[in-house]
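Asker:
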Amino acid sequence: MRKLSPAWLVPPALRVWRSKATLKRAFGLLGAFRFEQTDPGKFYGLLARDTVDLIRAIWQGADPAGQATLQGTRILDVGGGPGYFGIAFSDAGAEYITCEPDVGEMSAAGIQLQSSVRGSGLDLPFRSEAFDITYSSNVAEHVPEPWRMAEEMLRVTKPGGVMIYSYTIWLGPFGGHETGLWQHYVGGEFAARRYKKTHGVEPKNRWGESLFDVGCGEGMHFAQQMEGAELLAAFPRYHPWWAWWMVKIPGLREFAVSNLVLVFRKQ
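When we follow the UniProt record's numbering, the leftmost residue of the sequence shown carries the number 1, and every step to the right adds one.
Right under this line is the structure:
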């Protein structure tokens with residue numbers, strides 16, 4: 001497996017995305033997070049558009065000729081949640097399919113997609129080598145075997161295709177999700193109990209049941225050891241490009257990266 005470029009160089013797969021990974025974008029997405037519960041359409045709509053821009057840029061950057069587009073590209077989104085992502089990808093001309101363990105979120109959002117398939121990310125209900133791009137965002141921390149899910153995603157990716165695996169780092173400020181910015185540092189169970197005491201209901205993401213401790217270092221280690229794939233890039237999803245070097249620093253990356261993106265090319 002080819003090693004990544006030194007930290008001060010931008011991997012070729014990110015050459016297009018670099019100009020879009022600005023501080024203004026980072027603050028815009030950070031500000032939108034406060035609407036996740038109160039105005040999900042506003043939050044997920046913005047996140048969906050940003051996701052399409054990200055995947056389009058990576059797909060183009062991973063193409064040696066730099067000419068690849070999403071038009072007609074077959075994309076699998078594992079755990080796409082509300083259908084805002086499907087709408088955004090359809091607008092980009094992609095053939096979009098999402099795989100969900102249940103239809104609760106999409107039903108709650110009032111969105112129906114013919115391309116939604118019910119199934120587990122740990123055992124994807126698709127034939128091998130079926131998609132040009134497989135993608136998952138903020139799902140790995142919600143499954144008990146995140147690296148098994150990554151292997152399943154690679155299985156259904158076509159040779160030469162791209163797999164993009166993005167997840168929230170446990171020790172980052174958003175590792176506890178809605179249970180707080182610091183409470184999970186004391187412990188996941190403490191954060192869950194405190195949330196229930198404060199709000200009177202159980203958190204949506206319950207530590208040990210639907211929220212798990214996934215680190216940045218273990219993701220980097222997995223990426224370096226993954227068979228049948230070339231690691232094209234590893235970077236913090238929501239950071240400006242000049243902060244991408246953080247993924248290279250053990251210790252610091254667990255607290256500062258927040259959301260790690262791993263980009264692979266299927267061999």
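Glycine residues also receive a C-beta, built at the ideal position from the N, C-alpha and C atoms.
Computed from a prediction, not measured in an experiment: that's the story for all the values here.
What is the DSSP secondary structure of I133, reduced to helix, strand or coil?
Answerer: Sequence index remark: in the sequence shown, residue 133 carries index 133 (1-based). Correct three-state label for I133: strand.
Asker: The alpha helix (DSSP H) with T198 in it runs from where to where?
Answerer: As a position in the sequence shown, residue 198 is number 198, starting the count at 1. Note, T198: alpha helix (DSSP H), 188-199.
Asker: Considering only residues of the same chain and omitting the five flanking positions on each side of H184, which have a CB-CB separation below 6 Å?
Answerer: The residue given as residue 184 occupies position 184 in the sequence shown. So the list reads G175, G176, A191, once near-sequence residues are dropped.
Asker: Around the C-beta of H199, are 16 or more other C-beta atoms found within 10 angstroms, so that it is buried, or is it exposed?
Answerer: Looking up residue 199 in the sequence shown gives position 199. Answer is exposed; the Cβ neighbour count stays below 16.
Asker: In whole angstroms, what is the alpha-carbon distance linking V10 and V201?
Answerer: Taking the first residue of the sequence shown as 1, we reach residue 10 at position 10. Taking the first residue of the sequence shown as 1, we reach residue 201 at position 201. Each residue's alpha carbon lies about 45 Å from the other.
Asker: Distance check for A32 and Y195, CA to CA, integer angstroms please.
Answerer: Locating residue 195 in the sequence shown gives position 195, counting from the first residue. Locating residue 32 in the sequence shown gives position 32, counting from the first residue. The straight-line gap from Cα to Cα measures roughly 21 Å.
Asker: State the DSSP-derived secondary structure class of L124, mapped to helix, strand or coil.
Answerer: Counting from one through the sequence shown, the residue named residue 124 turns up at place 124. Correct three-state label for L124: coil.
Asker: Give me whichever residues DSSP pairs with W207 in a beta bridge.
Answerer: Locating residue 207 in the sequence shown gives position 207, counting from the first residue. Beta-bridge pairing links W207 to L211.
Asker: Are the CB atoms of V257 and M149 nearer to each other than 8 Å?
Answerer: Here the question's residue 257 lines up with position 257 in the sequence shown. Here the question's residue 149 lines up with position 149 in the sequence shown. Contact: no.
Asker: According to DSSP, which residues form a beta bridge with P236?
Answerer: Translated into positions along the sequence shown, residue 236 becomes position 236. DSSP output for P236 lists L260 as bridge partner(s).
Asker: Where does the unbroken beta strand (DSSP E) through D77 begin, and where does it stop?
Answerer: Counted from its first residue, the sequence shown places residue 77 at position 77. 74-78 is the span of the beta strand (DSSP E), which, as asked, contains D77.
Asker: DSSP state of G161, grouped into three classes?
Answerer: Within the sequence shown, residue 161 is the residue found at index 161, counting from 1. Three-state DSSP puts G161 in a strand.
Asker: Just to confirm my understanding: we take A233, look at its own chain, exclude 5 residues before and 5 after, and list those with CB closer than 6 Å. What are they?
Answerer: Taking the sequence shown and counting its residues from 1, the one referred to as residue 233 is at position 233. For A233, where only same-chain residues beyond five positions count, the Cβ hits under 6 Å are P11, A13, L14, V263.
Asker: Write down the C-beta distance between S166 and S136 rounded to the nearest angstrom, noting that I regard them as a contact closer than 8 Å.
Answerer: Along the sequence shown, read from residue 1 onward, the residue named residue 166 stands at position 166. Along the sequence shown, read from residue 1 onward, the residue named residue 136 stands at position 136. About 7 Å; that satisfies the 8 Å criterion.
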